[in-house]
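Structure first, commentary second.
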Amino acid sequence: MSTLYEELSRVSTYEYSEEEVREFEALHEEIRALKKQRNAVIVAHNYYRPEILKVADFVGDSLELALMAQKVRDADVIEFCGVNFMAETAKIVNPSKTVLLPNLMAGCQLADSAPAEDLAAKIDELKKQYDDLAVVSYVNTTAAVKALSDIIVTSANAAKVVRSLDSRNILFVPDRNLARHVADQVPDKNIIPWEGFCYVHQQITPEEIAKIRATDPELEILVHPECRPDVAKLADAVLSTSGMVRYAKERPASRFLVVTECGLSDRLAMEVPDKTFLKGCKLCAFMKVTTLEDVRDSLLYMRYEIDVPEDVRVPAERALQRMFDATE
Ligand code: SF4
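Each residue of the sequence shown is one higher than the last, beginning at 1 in my numbering.
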């Protein structure tokens, strides 16, 4: 079995010294003890720092984490190592649990690009034009936006959910690149995109990806649908992060270019050591702001508790439940 130092040495976003890894191991011990004391479960998003993923009970993408949060029964506390909207989602689907976000700076620029008041005004305007308008929101939205939505999607299930709707006219919020990807896959719907984007995926250019492919034509290129359409065109597969993990494990290919936030190729490098994961990625400052000390302090001081008022939580849960039902 490899040591934590050997495992973390395979990731390329950070270079940890042996002393730093020893500090991580001591923090892991403290966190495990606090987890027991608080009767907590730790869930972490794929993009989080690898030393945090190593102490999590469950690692996944937005959909997997939402489903996981919904199923938490025995634990009293969900320590949510993700960004704010994800912790809100955990509270929406499992309101009797205490949900903690270890660092309040862990927000999301994409979620912030769709304020609820602006969305409400847009819905009023479009409903005058389209009787059958359905509001489809990506899970990367605030609780208040989810409450205004008919149904929620993730990048793993967006096309399937949109295809299942009776409405032809769809306001798709907030990611315009994912909206265009869905429009390509479900051409009989009129998809009206909200003009938001994720600054991390938007920075990745087709020139960068083509340059890497030219040096290594055997690579399989995996692209996240939040990337620009001209980047998605270069992909062997356009996949959510959970789809990328499955694809990389199952395919016979041994070399992949992983085009999303850098945390995913770090996770793959640790979990699939016999394959090579090159980086066509960028870092998300919101996903990387939380440290292992923040996770320890969060359980120690029971901070920062995420709450969602009932008048928002109930309609937001309805929209999320419709997604769970549509993707069963
Ligand atoms: S990667 Fe983009 S969508 Fe994800 S948390 Fe960061 S800013 Fe938000």
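Don't be surprised by glycine CBs; every beta carbon is placed ideally from N, CA and C.
Rounded straight-line distance, which links the Cα of residue j to that of residue i
i	j	result
Val43	Gln129	42 Å
Pro187	Ala134	16 Å
Glu250	Thr142	34 Å
Phe85	Asp307	11 Å
Ser62	Asp124	29 Å
Cys198	Asp74	35 Å
Met68	Ala210	37 Å
Ala237	Thr215	19 Å
Asp230	Ala33	48 Å
Asp274	Pro174	37 Å
Glu6	Glu271	12 Å
Lys233	Ala248	19 Å
Buried or exposed (CB count within 10 angstroms, at least 16 for buried), residue i
i	result
Ser242	buried
Asp294	buried
Pro217	exposed
Val314	exposed
Lys71	exposed
Arg296	buried
Lys36	exposed
Asn103	buried
Arg246	exposed
Pro252	exposed
Pro309	exposed
Residues that residue i bridges to, as DSSP identifies them
i	result
Ser137	Ile152 and Val173
Gly280	Per DSSP, none; premise fails for Gly280.
Glu79	Ile42 and Leu100
Glu261	Lys282
Phe58	Val43
Glu193	The residue you asked about is not Glu; residue 193 is Pro in the sequence shown. According to DSSP, Pro193 bridges with Phe172.
Ala237	Leu222
Arg255	Thr276
Glu19	According to DSSP, which records beta bridges pairwise, Glu19 is partnered with nothing at all.
Own chain, CB closer than 7 Å to residue i, minus 5 neighbours either side, in chain order
i	result
Leu148	Ala116, Leu119, Ala120, Ile123 and Val135
Tyr47	Glu261, Gly263, Leu264, Cys284 and Met287
Leu4	Val21, Phe24, Glu25 and Lys54
Arg163	Val186
Neighbourhood of residue i by C-beta distance below 6 Å, restricted to the same chain and skipping five residues each side
i	result
Met105	Val289
Ser240	Asp61, Ser155 and Ala156
Val59	Ala44 and Leu53
Glu220	Asp236, Ala253 and Phe256
Chain-order list of residues whose beta-carbon lies under 8 Å from that of residue i (same chain, five-residue window excluded)
i	result
Arg228	Asn177, His201, Gln202, Ile204, Thr205 and Pro206
Ala269	Arg10, Val11, Ser12 and Phe277
Thr98	Asp76, Val77, Ile78, Met302 and Glu305
Per the contact definition of three or more C-beta pairs closer than 8 Å, is the segment 279-299 in contact with the segment 253-266? yes
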